[in-house]
Amino acid sequence: MELTSSQRVAVEHKDGPLLVLAGPGSGKTRVITSRICQLISSGVSPYSICAITFTNKAAQEMRERVISSGIRSGAHISTFHSLCVRLLRQYAQQAGIQANFSIYDEADQSRCMKMALKEVEVPASDFQPAAVLDRISGWKSDLELVEAVRQRADGFRMKMLVRLYDRYQQILQANNALDFDDLLVKVAYLLKEHPQVREELNERFRYLLIDEYQDTNHAQYQIAKGLALGHGNICVTGDPDQSIYRWRGADIGNILAFEKDYPNATVVRLEENFRSTAAILAVADKLIHANKKRKEKRLVPTIGEGAEVQVQGYDDEEEEAYAVVLKVKALIDSGEDAGEIAIFYRVNSMSRKLEEAFIRNRISYQVVRGVEFYGRKEIRDMIAYLKVLANPQDELSLMRVINTPARGIGETTLAKVTSWARDNRLGFYEAAMRAADIGGIAKATQAKLATFVRMIEDLRSGIEGPVAPLMEKVLHQSGLESSLSTGRGDEGTARDNVIELIDGAAAYDSGTDNPSLVDYLQQIALFSDTDAYDAAARKTALMTLHAAKGLEFDHVFIIGAEEGILPHERSASNEDELEEERRLMFVGITRARKGLEVSFARHRTTRGLFSRTIPSQFLYEMGVEIRTPEDAEREPHHQKGEGHGELIYEAFEEDGHPEYLKGELVRHPKFGLGRVVGFIWLGENSTVTVKFNTGSQKTLMLKYANLTKEQF
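Numbering (this note's numbering), first residue to last: 5 to 716.
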C-alpha cells in the first residue's frame, strides 16, 4: 500500500525533531518502520538508530517489518525497560550497580516491602505493602530519590513512608536487585550525572524514535531528552487521546509540550483511519471531543459506513454475560473468525461471568492475563533457581529454593547462617559456602548446605549459552522433577507448566543469536499481559481495556459501561481522572474494525452487594441509541436524532417526577449551572445527564441530584 501524503512527510523527514500525531488505525507502526528503512536507505548506519516502544509485542512487530523489507539489520528496537537493562549491564560501574543484577517483579517487591515493614516495626494494617509500593513507584517515576523525599517529609505518616522507602531500597541493594522503576531511574541519573556516558550514547544513537510518547512518565521523558541532547534527531509518535496509563505515572503533558521542548519541531498529523468503519469512528470522535487536554485532530474514515454501533442494556451482569456470549456464538456460526472477536472490560474480575457463559455454551476462549502464568508456585520456584544462578546475591530467591524441594535445611539453620553472615559482613550465599565455619550447625546439616552450594556452582557453569538445556538440568538436579512427578492432586498440571516454561526457553534459544540466562530472565521479567495475547490461537479474547491497547479485532464488545465502573469510581471528583477514563473508552472503541457493541447492566453485584447502577455518561457522549429490554414498551419516550444517533429524550411526567427537556437550564448545589443532555426513566432511580458550565458532564440519579430549574 502506498504511503499517504502525511505518512510520506513523516517517513522522509530526516534531521531535527519530529512530532507525529497518529490517530488510531492511522498506520503508525508502518510509518515508524518505513522511517527506519528510509533512514538506512539514505546512508544512516542501522547501528545509529534506536527505536523505543512500550510492549515486547510491538517491538517484535517492528523488528519483523524491518527485516522483511530487506534492509540491513542492526537498528536497536526494544521497549524502554529493555533498553535500560541493556545500558545498565553495559555501564553498571558508572550506575553504581553490579551487571548481574536481578529484576524483581511485583511479588518480589511485595516480599521486600513486607521485610521492610517488619524491620521498621510498622504495622502492615496501617501501611499496606501494595499502597506503600505504589507511593514509592510514584516517587521513582518523578525521579525523586529517598533523600529528596526526606527533605520535604512532614508529619508522622510521611516520615514513616520515607523510612520504608529507604529500607526497601537497602533490601534491593543487598540482593543486587532492581525493581521495574529502578531500571528507568538508574538510566535517567546515569545520563544526567555522567556526561561521558551520555555523549557516547548520543554518538551511538544518532536517530531516536519513540512510539506511544503519550504514555511516557517523567523518568522516560528525561531519558529521551538525554539520549537526544547531542543531536536533536528525536522523532516521537503518539496520540494524546490514547494516553491511558496515568495511574502508573504516564504524563500526557510530555506529548502536549513537545513543541515547547523543541520549538523547531516539525508536526505531522496522521488522521486517515484504515481500520474502522465510519460509524465506529463517528462514535469515537464524538466521545473524545468531550476532553479538553488533547491535540485537535480528525478521524477520517477510509472504509464505508458499516453497521451501526449498538448500545444494549441488560438487567444484571449475568444476563449481560450470557447475551454477549450468545452474540459471539452467532457471529462464529455465521462464519466469522473466533479469533477476530474480543470482549473488553474495565477490571479483571468482570471476566468471571463471561467465562462461565463461554464454558456452558462450549465455546473456546482465551483470557489475556498472561503474567499469571509466571505467578504459579512451580514456575516461581524454577525461576528462583535461575535467578540464583545468575545472581547468587539474590537472597530472596535463594531463601525460596534452598529447601525446595525439602532437603533438610530448616528455618533454624537459615537463621544461624543469616546471623553469621551479618556478623562477618558477608552475603548469605558466601556464608553458606563456608558453612563448616559456622558454629551451632550440626555436621549433617553442614553437609547438606555444602551439597546445595556444589549443585548451584555446577549449574552456574552453564549460564552463558542456551537456556532450555540449563533448565532441564536444574529441574533434574534440584529435585524439582521428582517432587512434581510424585505429587498428588494438581501436581501433574504443575509439571506440565514447568515443561511449558522450558518449551518457551527453547523458543527463546532458537530465536536469539547469543542466548544467555541473564538475557532470558530479563525478557520474562518484562513480560506483560499484552504480550500474552496469542493471535494464532484463533479464540475469542477476553481482556481489560488497558490490555487491548495496540490490538484490533473485527468485532468488539465492551461490557460494564456504568458509572463507577467505566468511568471508574475514582474519577468521580477528578476531572483529569475522568478524561483518562474517557480516553480508555476511546481506545476500546477504536480497536473495532467492523462491529461494536457497548453494554451495561442495570443491576450489578459489587463487593457482594446487589445494587442498582447508573448507565455511564460516556454512552450519552457517544451519541448512540440505548436499547433496553423494555424499549418496546417505552418507545414513545425515546427518539433517535439526526446524524449518528444523538439521543433526544422527550419530556414527560410520571409518578410525580418533574420533566426535563434536552437543553433545559438547571443548577446543582455543587457543580453549578448546566444544561440537560439526557434523561432516562427508571422509576425511582431515574437519571438525568447534565453538561455543566465548568465543562464537566455528570449523570446523576434524579432523587439525589437536588437540581433546580433556572430560567433562560
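Glycine residues also receive a C-beta, built at the ideal position from the N, C-alpha and C atoms.
Assuming the contact rule is C-beta atoms closer than 8 Å, alanine 223 and leucine 147 should be a hit. Round their C-beta distance to whole Å, please. 5 Å
Could you round the C-beta distance between threonine 417 and isoleucine 445 to whole angstroms and report it? I think they count as a contact, below 8 Å. 6 Å
Inter-residue spacing [alpha-carbon to alpha-carbon] between methionine 626 and alanine 288: 7 Å
Could you give the residue range of the beta strand (DSSP E) that holds histidine 550? Neither: histidine 550 is in no beta strand (DSSP E) and is coded neither H nor E.
Own chain, CB closer than 6 Å to glutamate 321, minus 5 neighbours either side, in chain order: Closer than 6 Å at the Cβ level, and outside the excluded window around glutamate 321, lie Lys357, Ala605 and Arg608.
Let me confirm a value: phenylalanine 160 is counted as buried when at least 16 other C-beta atoms fall within 10 Å, else exposed. Which label applies? exposed
Apart from the five residues on each side of it in sequence, which residues of its chain come closer than 8 Å, Cβ to Cβ, to phenylalanine 675? Val694, Phe696, Thr698, Ser700 and Lys702
Rank Ile345, Arg115, Val89 and Gln621 by C-alpha distance to the C-alpha of phenylalanine 2 and give the top, closest one. Since the first residue of the chain shown is 5 and the last is 716, residue 2 is not available in this structure.
Excluding the 5 residues flanking glycine 308 on each side, which residues of the same chain have their C-beta closer than 8 Å to its C-beta? Sequence-distant partners of glycine 308 (beyond 5 residues in either direction) whose C-beta falls short of 8 Å from its own C-beta, in its chain, are Thr281 and Ala282.
Endpoints, the alpha helix (DSSP H) within which aspartate 170 is located: 160-178
Taking the beta strand (DSSP E) that lysine 702 falls in, what are its first and last residues? Residues 701-705.
Name the DSSP bridge partner or partners of lysine 301? Answer by DSSP bridge pairing: none, since lysine 301 is not bridged.
Which residues DSSP lists as bridging cysteine 116, in chain order: According to DSSP, cysteine 116 bridges with nothing at all.
Just grab the DSSP bridge partners of isoleucine 81 for me. Ala55
Suppose you measure from the CA of glycine 491 to the CA of aspartate 109; what does that come to, to the nearest Å? With a pLDDT of only 49 at glycine 491, under the threshold of 50, the placement of this residue in the model should not be trusted; the figure read from the coordinates follows. Near 28 Å, if we compare the C-alpha coordinates of aspartate 109 and glycine 491.
Can you give me the C-alpha to C-alpha distance between glutamine 200 and leucine 43, rounded to a whole angstrom? 26 Å
Which partner residues of proline 619 appear in the DSSP bridge assignment? Answer is Glu566, bridged to proline 619.
So is alanine 636 buried or exposed if we call it buried at 16+ other beta carbons inside 10 Å? Only weak support exists for where alanine 636 lies, its pLDDT of 37 falling under 50; the value from the coordinates is given anyway. Counting Cβ neighbours within 10 Å, alanine 636 comes out exposed, since fewer than 16 surround it.
Please go through the region 339-415 and give each complete beta strand (DSSP E) segment of 3 or more residues, from N-terminal end onward. Entirely contained in the region 339-415, the beta strand (DSSP E) runs reaching 3 residues are, in chain order, 345-349 and 369-371.
Which stretch, first to last residue, makes up the alpha helix (DSSP H) that contains lysine 190? Taken as a continuous stretch (DSSP letters only), the alpha helix (DSSP H) holding lysine 190 covers 184-197.
Measuring only the C-alpha atoms, how far is isoleucine 256 from alanine 26? Their backbone Cα atoms lie some 15 Å apart in a straight line.
I think valine 317 touches proline 673, with their Cβ atoms under 8 Å apart; what is that distance to the nearest whole Å? Note on residue identity: the sequence assigns glycine, not valine, to residue 317. At roughly 29 Å, the Cβ-Cβ gap does not stay under 8 Å, so glycine 317 and proline 673 are not in contact.
Hey, how far is the Cα of alanine 55 from the Cα of aspartate 441? 52 Å
Name the DSSP bridge partner or partners of glycine 682? Thr693
Throw me the rounded Cβ distance for the tyrosine 51 and methionine 117 pair, which I believe falls under 8 Å. Not confirmed; about 41 Å, so no contact.
When the Cβ atoms of the region 456-475 are set against those of the region 509-522, are three or more pairs found closer than 8 Å? yes
Excluding sequence positions up to five away, which residues of its chain have a Cβ less than 7 Å from the Cβ of arginine 93? Ala103
Write down every uninterrupted run of the beta strand (DSSP E) in the region 250-308 whose length is 3 residues or greater and which is fully enclosed by it, in chain order. 270-274
In angstroms, rounded to a whole number, what distance separates the CA positions of leucine 212 and asparagine 221? If I take the Cα positions, the gap works out to 17 Å.
Rounded C-alpha distance that separates isoleucine 630 from valine 189: 47 Å
Cα-Cα separation between glutamate 151 and tyrosine 249, rounded to whole angstroms: 27 Å
Is it the case that the region 559-576 contacts the region 332-348, given that we only count it when at least three CB pairs across the two stretches are under 8 Å? yes
Distance between beta carbons of valine 371 and serine 355, contact taken as under 8 Å: 6 Å
Reference asparagine 179; option with closest CA among Cys41, Lys391, Glu312 and Glu300: Lys391
For the beta strand (DSSP E) containing phenylalanine 590, list its first residue and its last residue. Phenylalanine 590 -> not in any beta strand (DSSP E); alpha helix (DSSP H) instead, spanning 579-593.
Outcome for glycine 443 when other beta-carbon atoms lying within 10 angstroms are tallied against a minimum of 16: Answer is exposed; the Cβ neighbour count stays below 16.
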